[in-house]
Amino acid sequence: MKKGRSLVIVGAGGFGQEIIWAARNMNASSPQYEILGYCDDDRAKKGSVIYSATVLGTPEEVDRTLPEKPSFICAIGDNINRAKAAKYVLSLGWLPATVIDPSVIVAEEVAVGKGTYIGAGCILSPYAQIGNYVIINHHCSIGHNSVLDDFVQISPGGRVSGSCRVEEGATLGSNAVIAPGITVGRFATLGASSFAMTDVVDDVTAIGTPARVVLRHKHMKRT
């Protein structure tokens with residue numbers, strides 16, 4: 018029986034459970050991934066079982082023991098740390114996998130990048146462009162002609178209206194909303210249940226309705 022591509026989940030936390038759930042849902046219709054388990058830098062987690070999948074060890078340990086290079090997806094919520102982890106396992110020769118729950122509604126002319134996860138109940142509207150290593154969690158909607166750059170995270174219930182841009186490393190909190198045509202800048206955060214009616218600049222946290230900047234970060238870097 019065909020097993021699909023081998024898949025290692027990078028990061029053995031709660032988010033990894035959600036990715037495994039979606040990957041198993043994908044496999045229910047036709048085998049796409051053979052889920053090998055997790056890797057994690059925390060050596061104390063080795064051998065533990067999380068959501069019926071085993072923590073195999075650190076990325077280096079897993080790489081030494083597998084007969085061939087696996088596919089991977091990063092189950093790391095922090096955008097900067099996800100970027101660092103992806104860069105490292107790519108250097109080992111691992112291949113990025115994309116996991117999209119079968120319940121996701123995807124319009125024609127939508128592009129989804131490598132290493133991206135899209136959770137249950139999401140809607141991707143026409144001409145939406147989703148970058149690499151993006152997280153779109155449960156019950157989010159991405160409007161027509163909107164662009165999500167690499168390493169973006171949209172938390173559960175997030176709403177990106179039409180013709181918006183969410184730039185590299187930015188985060189939308191749970192149930193946050195962006196008005197049509199708005200840009201959220203690089204490594205900015207729009208807080209939970211906030212509404213961005215105007216552009217959110219780089220490296221800030223904005224909260225409220227309408228959203229106001231409450232914190233300015235030091236310049237954020239992926240690596």
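Our numbering puts the sequence shown at residues 18 to 240. Ideal Cβ positions, reconstructed from N, Cα and C, are used throughout, including at glycine. Fair warning: this is a prediction, and the values are worked out from it, not measured in the lab.
By the criterion of a C-beta distance shorter than 7 Å, residue 46 is surrounded in its chain by 119, once the five residues flanking it on both sides are discounted. With contacts defined by Cβ atoms closer than 8 Å, residue 94 and residue 170 form a contacting pair. For the pair residue 22 and residue 50, the CB atoms are nearer than the 8 Å cut-off.
The three-state reading of DSSP puts residue 49 in coil, since its state is none of H, G, I, E or B.
Inter-segment contact for the segment 129-148 and the segment 66-74 is absent: fewer than three beta-carbon pairs are separated by less than 8 Å.
In the three-state reduction of the DSSP assignment, residue 198 falls in the coil class. Scanning the segment 77-157 for uninterrupted alpha helix (DSSP H) segments of 4 residues or longer gives 96-108, listed from N- to C-terminal end.
Note that the C-beta distance between residue 179 and residue 203 is not below 8 Å.
Here DSSP, grouped into helix, strand and coil, assigns residue 31 to helix. The shortest C-alpha to C-alpha distance from residue 196 to any of 27, 160, 107 and 55 is the one to 160. Classified as exposed, residue 124 has fewer than 16 neighbouring CB atoms from the shown chains inside 10 Å of its CB.
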